[in-house]
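Residues in the sequence shown are numbered consecutively from 347, following the numbering used here.
Note that CB positions come from ideal geometry on N, CA and C, so glycine has one too.
If you're wondering where the values come from, they're calculated on a predicted model, not measured in any experiment.
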Amino acid sequence: MTDYSTLRELINIDSPSGFTHDACDFIVQLLVAEELSPLTTVKGAVRCSLGQKPKLAIAAHVDTLGAIVSGINHDGTLKFSPIGGLSLTGAEGEYVRIRTLEGKVFTGTILLNDPSSHTNNGREATARTIKSMHVRLDEEVANKSNVESLGICIGDIICLYPNYEELPSGYIKSRFMDNKAGCFVLFELAKRLKGQDVPVELFFSNYEEVGHGGTCGYSDGIEELLVIDMGVLGDACEGVETACSICVKDSTGPYDYQMRKTLVELARDKGIAHKQDVYPFYGSDGSAARAAGNDFRVGLIGPGVASSHSTERTHKKGVEATIELCLAYIGQLQL
Numbered sequence: 347m348t349d350y351s352t353l354r355e356l357i358n359i360d361s362p363s364g365f366t367h368d369a370c371d372f373i374v375q376l377l378v379a380e381e382l383s384p385l386t387t388v389k390g391a392v393r394c395s396l397g398q399k400p401k402l403a404i405a406a407h408v409d410t411l412g413a414i415v416s417g418i419n420h421d422g423t424l425k426f427s428p429i430g431g432l433s434l435t436g437a438e439g440e441y442v443r444i445r446t447l448e449g450k451v452f453t454g455t456i457l458l459n460d461p462s463s464h465t466n467n468g469r470e471a472t473a474r475t476i477k478s479m480h481v482r483l484d485e486e487v488a489n490k491s492n493v494e495s496l497g498i499c500i501g502d503i504i505c506l507y508p509n510y511e512e513l514p515s516g517y518i519k520s521r522f523m524d525n526k527a528g529c530f531v532l533f534e535l536a537k538r539l540k541g542q543d544v545p546v547e548l549f550f551s552n553y554e555e556v557g558h559g560g561t562c563g564y565s566d567g568i569e570e571l572l573v574i575d576m577g578v579l580g581d582a583c584e585g586v587e588t589a590c591s592i593c594v595k596d597s598t599g600p601y602d603y604q605m606r607k608t609l610v611e612l613a614r615d616k617g618i619a620h621k622q623d624v625y626p627f628y629g630s631d632g633s634a635a636r637a638a639g640n641d642f643r644v645g646l647i648g649p650g651v652a653s654s655h656s657t658e659r660t661h662k663k664g665v666e667a668t669i670e671l672c673l674a675y676i677g678q679l680q681l
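As C-alpha cells, this is what we get:
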C-alpha cells in the first residue's frame with residue numbers, strides 16, 4: 347500500500363510562486379534519499395535524471411497560490427495582492443502565515459472589510475475584491491506604525507493554511523492538491539523505477555501558477571514532455587477524482603495527438619481508470635513550454651481534483667491511476 351506521508355509533508359511546506367525554496371530543498375532531499383542526483387536550475391526548479399540520456403521529461407509544479415503584502419492600512423490590517431489565480435471567495439475566512447524577509451512568521455486571517463454580521467447587513471451582497479478585503483493580523487496592532495514595528499512590510503509572503511486531511515474512504519482533501527499531488531506522483535516514479543536506468547527526467551517546476559514555470563531548464567535531448575497536473579472536475583468536464591484525466595485541449599490549444607493516442611490506448615489496454623477531457627479555463631507547464639518554443643511534444647494527465655483553487659479534494663485511486671499510466675507510458679519507450 348502506498349504511503350502518502352510525503353504528500354502531507356510537502357503540502358505542509360509553504361510554497362507560493364516566488365517562495366518555493368523550502369519545498370524544492372525538501373524534494374532534493376527525497377530524491378537524494380533514493381540515491382539519485384538531482385540538480386537545481388538557475389531559476390530554482392529541480393530536475394533529476396532516472397537514467398542515461400533522458401528523452402522523456404515528466405513534470406509537475408511545486409508552487410502554489412498565495413498572496414503578497416501590498417500595503418498596510420491605517421488600522422493595522424494588511425492589503426494584499428494575489429499570487430496566481432487565488433479565488434477570493436474561497437480564501438475568505440482562511441487562516442494564513444505571513445513570512446517576512448528576516449524569517450519572522452506571523453499569523454492572520456483573510457477577511458472582508460467590516461466582516462461582522464452584526465454591523466454589516468450588506469456583507470452577503472458585497473463583491474469580494476482585493477479592495478474590499480484585508481488580512482487581519484493576530485497581533486495587538488492599531489495602526490500602520492504598530493505593524494511596521496513588528497518587521498512586516500510590503501513584499502512579505504502570505505501563505506494559506508492547507509488543512510490537509512487523509513480520509514479512510516481514500517479521499518484526500520486539502521488546499522494545493524494542485525499540484526502537490528502531481529509532485530507526489532513523481533516521487534513514486536522515482537521510488538518504483540529505482541535502478542532501472544530509464545531515459546526519463548523528473549522535473550519539478552516552481553513558477554507554474556504565474557505562467558512561466560515550464561518554459562526552460564530541461565536537459566538537452568528531451569523529445570517529449572508529459573506534464574502531471576490536476577484533472578478538472580465540473581459541469582463542463584467528464585473528470586472524476588477516482589480516475590486519471592487525459593487532457594485533449596486546454597485554453598491554449600490541443601496537446602500532442604500521438605502522445606494522447608498512446609496514453610489512451612495504454613489506459614484501455616491495462617484497465618487504468620481514465621477520462622479524456624477538454625479544460626475550458628486552464629493552462630499548464632506544458633502550455634508554457636510550447637509557448638516558449640521548445641521543440642518537443644507535450645502531453646498532459648493528472649488525478650481528478652475537485653473545487654480547484656479552493657479547498658481541493660482528490661482520491662488515492664486517481665493518484666494511483668496516474669502513477670500506473672506514467673509507468674505504462676515509460677514502459678513503451680524504446681530504450
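- For S491, the enclosing alpha helix (DSSP H) covers residues K490 to L496.
- Around E355, the same chain offers F372 as residues with beta carbons nearer than 8 Å, after the five sequence neighbours per side are excluded.
- Below 8 Å, too few C-beta pairs join the region 507-516 and the region 426-438 to call them touching: fewer than three.
- The Cβ-Cβ distance between G639 and V573 does not fall below 8 Å.
- Taken in chain order, the complete alpha helix (DSSP H) segments of 4 or more residues contained in the region 501-567 are 523-538.
- DSSP places F372 within a helical segment (H, G or I) once states are collapsed to three.
- Taken through DSSP and simplified to helix, strand or coil, R482 comes out as strand.
- Spatial neighbours of G567 in its own chain (CB-CB distance under 8 Å, excluding positions within 5 residues in sequence) are listed in chain order as K399, P400 and K401.
- Comparing C-alpha distances from L579 to each of I676, E555 and Y625 shows the shortest one belongs to Y625.
- Bounds of any alpha helix (DSSP H) do not take in D623; it lies within the beta strand (DSSP E) bounded by H620 to V624.
- Within the same chain, and ignoring the five residues on either side of I357 in sequence, the residues whose Cβ sits closer than 7 Å to its Cβ are P508, Y510, S520, F522 and K526.
- Take S463, set aside five residues on each side of it, and the residues of its chain with a beta-carbon closer than 7 Å to its own are R469, in chain order.
- In this chain, the beta strand (DSSP E) harbouring G417 covers G412 to I418.
- Within its own chain, no residue has a Cβ closer than 6 Å to the Cβ of T348 once the five positions on either side in sequence are excluded.
- In this structure, the beta-carbon distance from L396 to L609 does not fall below 8 Å.
- Contact between E569 and A652 fails: their C-beta atoms lie close to 34 Å from each other, not under 8 Å.
- Using a Cβ distance threshold of 8 Å, I518 and V481 do not count as a contacting pair.
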